[in-house]
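Trainee:
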Amino acid sequence: MALMITDECINCDVCEPECPNGAISQGEEIYIIDPGLCTECVGHFDEPQCQQVCPVDCIPLDPEREESRDQLMEKYQRITAA
Numbered sequence: 001m002a003l004m005i006t007d008e009c010i011n012c013d014v015c016e017p018e019c020p021n022g023a024i025s026q027g028e029e030i031y032i033i034d035p036g037l038c039t040e041c042v043g044h045f046d047e048p049q050c051q052q053v054c055p056v057d058c059i060p061l062d063p064e065r066e067e068s069r070d071q072l073m074e075k076y077q078r079i080t081a082a
């Protein structure tokens, strides 16, 4: 699954630089995650780095975007195959 940022986001700016795929950006009101770029850090780290640094725990799995670990790895390989 891709991750999502909920409206509990306090715009603290700590998650954006932690994303190795550049999937996190500032939205109109809160940070947002591009599901096309989010691999839950598969291919880079064992755990999603944004979840590790978020002080308010507002980055859950997006239930509308289910992906297996294999699918996330395929996405990682597409993103990094430049």
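If you count by UniProt numbering, then the sequence shown holds residues 1 to 82, one letter each, in order.
All C-beta atoms in this analysis are idealised placements derived from N, C-alpha and C, irrespective of residue type, glycine included.
(1) If you compare alpha carbons, which of V42, C54, A81, V53 is closest to M1?
(2) Using 10 angstroms around the beta-carbon of A23, count the other beta-carbons present and answer buried if the total reaches 16, otherwise exposed.
(3) Do L3 and P48 come within 8 angstroms of each other at the CB atom, strictly closer than that value?
(4) Measuring CA to CA, which of E40, R78, L61, C54 is closest to P20?
(5) In three-state terms, what does DSSP make of L72?
(6) According to DSSP, is I79 part of a helix, a strand, or is it coil?
Mentor: In short, the structure shows the following:
(1) M1 has its Cα closest to that of V42, out of V42, C54, A81, V53.
(2) Buried, because 16 or more other Cβ atoms sit within 10 Å of the Cβ of A23.
(3) Less than 8 angstroms divides the Cβ of P48 from the Cβ of L3.
(4) Closest in alpha carbon position to P20, among E40, R78, L61, C54, is E40.
(5) Residue state, collapsed to three classes: helix.
(6) Reduced to three states, the DSSP call for I79 is helix.
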